[in-house]
Structures are given as C-alpha cells and as structure tokens.
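Enquirer:
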Ligand SMILES: Cc1cc2nc3c(=O)[nH]c(=O)nc-3n(C[C@H](O)[C@H](O)[C@H](O)COP(=O)(O)OP(=O)(O)OC[C@H]3O[C@@H](n4cnc5c(N)ncnc54)[C@H](O)[C@@H]3O)c2cc1C
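In this note's numbering, the protein residues as written are 1098 to 1704.
Listed below in structure tokens is the structure:
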C-alpha cells in the first residue's frame, strides 16, 4: 500500500506480528478502517515462510531477521562464560564462543526476532499451546476486570481456531477460525524404531506397541477438561499448519479479510498494510502544553528496507530518510513486540523520567514501568548422539511438575526432537538441522520467577537496538530464593532428560552417547553451574504490563490503555504481568482478538 498523509484511518496499528495482525483483521471485520504498519516486507510467498520444516532456517533468513544481541547477566565475567556468546572480531566477522580472538568486542547472545510481515509468527516453530486457566484468572483478579476470566478467554480461542485434528469436534475448540491447527502424529513418527525407543525410554517403558501409541495419541494438550491444567505426561504437539502442509498464522487472518474485501463480503471496514515502514515516534496533540492529558493522534515514520539495525543488512552510516507522519482518527495501537514496544514508547516520551531526561527526550508521561518486568522462560538441552541417523524429524512433548512447581500446574515442558539444538547463536540453525543422528530434549522451565529484566534505550536514534538485559537467576529476582527454585526445576528437567537418554541404550536399537552437556558435567553443583551459564529463552514478554490501578509500575489498564495518555494502547507480548503458560504465541493471538473486542466496544462512544 502507498498511503497519503491525508488518508483517513480509525486505527493505526504498529507491528503485524502475533499481537498486531489478528486485531487489525478483526477491527476491519467490525467495520473500522485500519492501517497496519510494519518495518519489514512481505516474505509470505517464500519457502522459508511457508514450509514448516524450514522454521529454524527462517529464523536466520536475512530478509526476515532482526538479530538482537542480549545479555543474560550484567556481570560480564559471568556473561562471557556462555558458549553462545557472540563477539565482533576486528575483521568485522562474528565469533561465537568463550575464547574470542584478541581485540574482539562482546556483543551478547543472539535473540532471533523478525522485521517482516507477520512478525515472529513468520519464523516461529508454530507450536500452539493453550495457556492455563490461572493465567487468565490472575489478570481478572489483579485488575477486577472479569472479562479476563478463563471462560471468556476460552471462547475467544474457539473463535480463532480452525482445528483439524479432532474430527469428533469436542467443545472448547474452534473449527472455523483463521488459525489452522493440527498435530505431529505420533503413530507415523514412531515407525522409526529409534524414535520409538527414545519415547519409550522417556516413559520408562521397555517398548511401545500399537495399542499404546493409539491410546497416547488420544490425549489432547489443548483439551477443555477440568483436569487439563494439572495433567502431566506425554502429548502430541499441536502445531499451526494447514492441510497443504504450510505455516498457518496471523497473516492468514489478514489475508482472509483482504479476500473478503475484494469479493465485497466486507461492507464497511478495511485494512491497508504499509510495509518497509519504521515508526519512529508516536505523535501527541498537546505537545506544547502537557497540562491536559496528552492524546495520541498519529505516528511519525520513515520508509525504506532494512532501516532498523537489528536487520543484518542495515547500514550504520546512512542518514535517516525524511520523516513523515500519518494521523489516526481514533487511536494508535503499538504491537511492536516486547523489545520494540517499550523502545517506541520511550522514544515518544513515555517511560521512566530519569532515563528519558538523560537522553534529552521530552517527557510526555513519567511511567516508570515501561521496559521493566522483562520475563522469559529458561531453557536448556540434553543432546544425544547415535551412530545411525533417525529417519523422521519428530517432536513430542512431556509435561512435568518439578519439586518447586506451584499452583498445581506443571512447570516443565520438555520437547524431544531429532535435532542438535543447544540454543541460539549465529549459525545455530545449520547445526540444529544438519545432523539427523542427534536427538535433543529441550527442557523449558515455565512460570519462571524472574521479573528483573530490562529494555533500556541505547540512544535517541530509532534505528538503534535497545540495551536488553534479562538479569538471569541470582542477578535478578532472588530475595525469596526465586532464582534457586528456577534453577532447581531446570536441574530436575535436565536430569530427567539425561536419564531417559541413557536408558535408550537398553532398547537394542544401537548405541547412544550424551553429546551435550557431556561427560564433563557430572555433580549437581557442576550441573547448576552449566544451567546458569548456558540457559536461554525465546518468549521475551511482559515489558509494558497490565496492572492494578494502584500499582505504580503498571503500564496498561485491563483494556490495554497506556496509563496517563489518551487514545493509545499496547497489544502484544509486552502486556502480560506474568509470562503465561508454556508457549506464548497462542496467548498473544487470544489477547489480540480480545483487544479488538474492547476497542470496538469503546468505539461506540464515538457515534
Ligand atoms: C525462533 C523462535 C521460535 C518461536 N517459536 C514459537 C512457537 O513455536 N510457539 C510459540 O508460542 N511461540 C514461539 N515463539 C515466540 C512467538 O512467536 C513470539 O513471542 C510472538 O510472535 C511475539 O509476538 P509480538 O506481537 O509481541 O511481536 P512480533 O511477532 O515480533 O511482531 C512485532 C512486529 O513489529 C514490527 N515492528 C517492531 N518495531 C517496529 C517499528 N518501530 N515500526 C514498525 N514496525 C515495527 C516488527 O517488524 C514485527 O513484525 C518463537 C520465537 C522465536 C524467536
């Protein structure tokens, strides 16, 4: 789309990812005129986007990538122990490891993101896991807003899902939405005797027969049953993939609206999409007189490819293209993700006063919570090697409660797959997919207790990446032993995976050996050290949290409104007060749809 500065839009949405696109599509269906802006371009016709098997490659595909380099620790001595640490060598190349050549500059640990139509849903692994009811009920309780109740939120999931793995159509799932869901069928994958042996070893069974497989295949990870949230054990992995074996995601919600627009099935609403457009600032009406409540009236932006410096192709020397602006009749909604949303709010004068003043950014609202409360999972892997290759690429999930799990819900989500995956670093995707003789158990610690991560501005230049520090483990939240509990849970998960991997040697399907962490890590003290050094995450969230009215660190109210200003909302991974469930994309789709409902209801005041 090309848009003229005088174009008329009810809503301007910045960011076409998990948070932005479903809301844009729904608002158009409700009859509104929406402009959806994204810094990236459209890669949805490429194999990297479409082919589910290429998801890891997609996350390192330069036309889509935004490569952030983050810190897990502010103490550099601790940080550089991480084998995934990246360094800029004097030659300009990147070195990965803990022993860099002289004069190399520490960069941090790769955190893959995207600048492309669809955001991170263009490269993510499509795992589609419903969160726990307590995730929603906690927000309802915290804010007193019952529209967040688990029951209401489930109804939104039903509206967006198009389930094709449950032919009996049980309640609690949807069958006509824009997100097509299916599963990795266990029965096919287990035909590979080595995969079967891996799974049987994890179950501590001698073998799996056809009846076992049929019985286990009946378990639905996203079931709507009273005991679902406390269930442990093995599950087939729900994924967002179409009948044509193509990626399904929020882009489909937009494409379906565009098709309906073209065929005349959409009477009033419409969505225009402005790509390769980096929003540099939110515009407020009362910029000279901050006495009245400032009102967001539009955005300032620059146009061009690869402008943002997380893009591996970005230039550091180019002048900023001319700034343009576009106004919204009603509201501006920021859905730029957990790193870019707080950056954009701060660049626009919304954030902690001292940080803004240090960079001479005029303060519109002193909102100390912006860019705080950054949360993520902790993940570690156990990689098992074998003399012979596995014949299928397969993923299966185990849910477990560690000894420190709280609230009766499992806190470990352990994924087994044919891969050689030890976390994110430049070149990781080649290593992860290049060797079919490896099996990885990826241990994901959910409900992490660390909320001490920060996203701070590096400069006033909107092209610069912010400084991101997760403040892992005891460098973060540990006043009541929180970090120790998280490390304990990970330890238990990794030990479980190690034991399962050792047991497979008894199955008579070949010899297996532990490749990672490997023999050098034995005592539980060494294992704790390993876990803290090598942990990573990929569900960054919670940096502009919803909170109670009396909470000074709350950035949003329960209707996604930014506190202290008018006509501005945030709708993406940033909004959660606590990181929900095991995987975050589906909860974001659900809150995106919810936001459209709330915004639409509020719009009635305009008529
Ligand atoms: C490798 C990887 C695999 C993953 N796999 C899974 C998975 O299998 N299941 C799961 O549940 N989750 C997964 N996730 C996480 C999940 O995909 C993301 O958390 C989710 O997409 C975040 O949604 P969002 O809307 O907050 O941000 P994003 O989806 O990142 O969207 C933000 C968009 O905003 C745009 N933008 C940012 N700043 C600006 C600006 N200033 N101007 C204009 N546009 C801007 C960006 O270009 C981007 O398109 C994965 C993440 C990664 C990195």
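Virtual Cβ for every residue (Gly too), placed ideally from N, Cα, C.
Here the structure is a predicted model, which is why all the values come from computation and not from measurement.
Tell me, please, whether the region 1364 to 1371 touches the region 1122 to 1129 by the rule of three or more beta-carbon pairs shorter than 8 Å.
Expert: yes
Enquirer: Can you name the residues that DSSP bridges to residue 1537?
Expert: Along the chain shown, read from residue 1 onward, the residue named residue 1537 stands at position 440. Answer is 1480 and 1514, bridged to residue 1537.
Enquirer: Measuring alpha carbon to alpha carbon, tell me which of 1273, 1280, 1305 and 1298 ends up nearest residue 1288.
Expert: As a working note, residue 1288 is residue 191 in the chain shown. Nearest to residue 1288 by C-alpha distance, out of 1273, 1280, 1305 and 1298, is 1305.
Enquirer: Since residue 1405 and residue 1136 should fall inside the 8 Å C-beta cutoff, what is the C-beta to C-beta distance between them, to a whole number of angstroms?
Expert: For this step, residue 1405 is matched to residue 308 along the chain shown. For this step, residue 1136 is matched to residue 39 along the chain shown. The pair is a contact, with the Cβ atoms about 6 Å apart (cut-off 8 Å).
Enquirer: To the nearest angstrom, how far is the alpha carbon of residue 1275 from that of residue 1602?
Expert: Along the chain shown, one-based indexing puts residue 1275 at 178. Along the chain shown, one-based indexing puts residue 1602 at 505. Rounded to the nearest angstrom, the gap between the Cα atoms of residue 1275 and residue 1602 is 44 Å.
Enquirer: Measure the beta-carbon distance from residue 1657 to residue 1692 and round it to whole angstroms, keeping in mind my assumption that it falls under 8 Å.
Expert: On the chain shown, residue 1657 is found 560 positions in, with the first residue counted as 1. On the chain shown, residue 1692 is found 595 positions in, with the first residue counted as 1. About 5 Å separates the two Cβ atoms, so the contact holds.
Enquirer: Rank 1669, 1456 and 1112 by C-alpha distance to the C-alpha of residue 1375 and give the top, closest one.
Expert: Counted from its first residue, the chain shown places residue 1375 at position 278. The residue from 1669, 1456 and 1112 with its alpha-carbon nearest to that of residue 1375 is 1112.
Enquirer: Which of the three DSSP states is assigned to residue 1652 in this structure?
Expert: What you label residue 1652 is simply residue 555 of the chain shown in a count that begins at 1. Taken through DSSP and simplified to helix, strand or coil, residue 1652 comes out as coil.
Enquirer: Counting only runs of 4+ residues fully inside the region 1206 to 1280, write out the alpha helix (DSSP H) ranges in chain order.
Expert: 1230 to 1240 and 1247 to 1257
Enquirer: Looking only at DSSP bridge pairs, what is residue 1398 linked to?
Expert: On the chain shown, residue 1398 is found 301 positions in, with the first residue counted as 1. Note: residue 1398 sits in a beta bridge opposite 1376 and 1421.
Enquirer: Tell me which residue opens and which closes the alpha helix (DSSP H) that residue 1175 is part of.
Expert: Within the chain shown, the letter at position 78 stands for residue 1175. 1173 to 1176 is the extent of the alpha helix (DSSP H) around residue 1175.
Enquirer: Determine the DSSP secondary structure at residue 1434, reduced to helix, strand or coil.
Expert: Looking up residue 1434 in the chain shown gives position 337. Residue 1434 falls in the helix class under three-state DSSP.
Enquirer: Between which two residues does the beta strand (DSSP E) harbouring residue 1330 extend?
Expert: To locate residue 1330, count along the chain shown from 1; it is residue 233. Counting along the chain, the beta strand (DSSP E) containing residue 1330 begins and ends at 1330 to 1333.
Enquirer: At which residues does the alpha helix (DSSP H) containing residue 1105 begin and terminate?
Expert: Along the chain shown, read from residue 1 onward, the residue named residue 1105 stands at position 8. Residue 1105 -> no alpha helix (DSSP H), and no H or E assigned at all.
Enquirer: Would you report the Cα separation of residue 1394 and residue 1247, rounded to the nearest angstrom?
Expert: For this step, residue 1394 is matched to residue 297 along the chain shown. For this step, residue 1247 is matched to residue 150 along the chain shown. Cα-Cα distance, rounded: 34 Å.
Enquirer: What distance in whole Å lies between the Cβ atoms of residue 1211 and residue 1348, which are believed to be in contact at a cut-off of 8 Å?
Expert: Locating residue 1348 in the chain shown gives position 251, counting from the first residue. Locating residue 1211 in the chain shown gives position 114, counting from the first residue. Residue 1211 and residue 1348 do not touch by the CB rule: their CB atoms are close to 12 Å apart, not below 8 Å.
Enquirer: Considering residue 1551, what are the terminal residues of the beta strand (DSSP E) in which it resides?
Expert: Along the chain shown, one-based indexing puts residue 1551 at 454. Counting along the chain, the beta strand (DSSP E) containing residue 1551 begins and ends at 1551 to 1553.
Enquirer: One question on the structure: do residue 1351 and residue 1115 come within less than 8 Å of each other, judged by their Cβ atoms?
Expert: Here the question's residue 1351 lines up with position 254 in the chain shown. Here the question's residue 1115 lines up with position 18 in the chain shown. Contact: no.
Enquirer: In the DSSP assignment, find the unbroken alpha helix (DSSP H) run with residue 1146 in it and report its ends.
Expert: Walking along the chain shown from the start, residue 1146 turns up at place 49. For residue 1146, the enclosing alpha helix (DSSP H) stretches over residues 1144 to 1147.
Enquirer: Does the beta carbon of residue 1680 fall short of 7 Å from some heavy atom of ligand 1?
Expert: Here residue 1680 corresponds to residue number 583 of the chain shown, with the count starting at 1. Correct: residue 1680 has its Cβ closer than 7 Å to ligand 1.
Enquirer: Assuming residue 1453 and residue 1377 make a contact with CB atoms under 8 Å, what is their CB distance in whole Å?
Expert: As a working note, residue 1453 is residue 356 in the chain shown. As a working note, residue 1377 is residue 280 in the chain shown. Rounded to whole angstroms, the Cβ separation of residue 1453 and residue 1377 is 15 Å, and the two are not in contact under 8 Å.
Enquirer: Quick check on DSSP: helix, strand or coil for residue 1593?
Expert: Here the question's residue 1593 lines up with position 496 in the chain shown. Here residue 1593 sits in helix by DSSP.
Enquirer: Measuring only from the beta carbon, is residue 1670 closer than 7 Å to any heavy atom that is part of ligand 1?
Expert: Here the question's residue 1670 lines up with position 573 in the chain shown. A heavy atom of ligand 1 is found nearer than 7 Å to the CB of residue 1670.
Enquirer: With 16 other CB atoms within 10 Å as the buried threshold, where does residue 1362 fall?
Expert: Numbered from its first residue, the chain shown carries residue 1362 at position 265. Flag for residue 1362 reads exposed.
Enquirer: How would you label residue 1621, buried or exposed, when you count the other beta carbons within 10 angstroms and need 16 or more for buried?
Expert: Here residue 1621 refers to the residue found at position 524 of the chain shown. Exposed.
Enquirer: Can you give me the C-alpha to C-alpha distance between residue 1599 and residue 1476, rounded to a whole angstrom?
Expert: For this step, residue 1599 is matched to residue 502 along the chain shown. For this step, residue 1476 is matched to residue 379 along the chain shown. Answer to the nearest angstrom: the Cα atoms are 20 Å apart.
Enquirer: Looking at residue 1374 and ligand 1, is the gap between the Cβ and the nearest heavy atom below 7 Å?
Expert: Against the chain shown, residue 1374 aligns to sequence position 277. Residue 1374: yes, Cβ under 7 Å from ligand 1.
Enquirer: Per DSSP, which one or two residues make a beta bridge with residue 1528?
Expert: If you number the chain shown from 1, residue 1528 lands on position 431. In the DSSP output, where bridge partners are listed per residue, residue 1528 has none listed.
Enquirer: I need the DSSP call for residue 1575, collapsed to helix, strand or coil.
Expert: Residue numbering aside, residue 1575 sits at position 478 when the chain shown is read from its first letter. The DSSP-derived three-state label of residue 1575 is coil.
Enquirer: Would you say the beta carbon of residue 1223 comes nearer than 7 Å to a heavy atom of ligand 1?
Expert: Residue 1223 sits at position 126 when you count from the first residue of the chain shown. Yes, since a heavy atom of ligand 1 falls inside the 7 Å radius drawn around the Cβ of residue 1223.
Enquirer: Under the criterion of a Cβ to heavy atom distance below 7 Å, does residue 1748 qualify as lining ligand 1?
Expert: Not covered by the structure: residue 1748. The range shown for the chain is 1098 to 1704.
Enquirer: Ends of the beta strand (DSSP E) at residue 1427?
Expert: Here the question's residue 1427 lines up with position 330 in the chain shown. For residue 1427, no beta strand (DSSP E) encloses it, and the DSSP letter there is neither H nor E.
Enquirer: Name the one or two DSSP bridge partners that residue 1448 has.
Expert: Here residue 1448 refers to the residue found at position 351 when the chain shown is read from its first residue. 1463.
Enquirer: Between the Cα of residue 1636 and the Cα atoms of 1607, 1682 and 1617, which residue gives the shortest distance?
Expert: Sequence index remark: in the chain shown, residue 1636 carries index 539 (1-based). If we check each option's Cα against that of residue 1636, 1682 comes out closest.
Enquirer: Comparing C-alpha positions only, which one of 1485, 1497, 1549 and 1696 sits nearest to residue 1332?
Expert: Your numbering for residue 1332 matches position 235 in the chain shown. Of the listed residues, the one whose Cα sits closest to residue 1332 is 1497.
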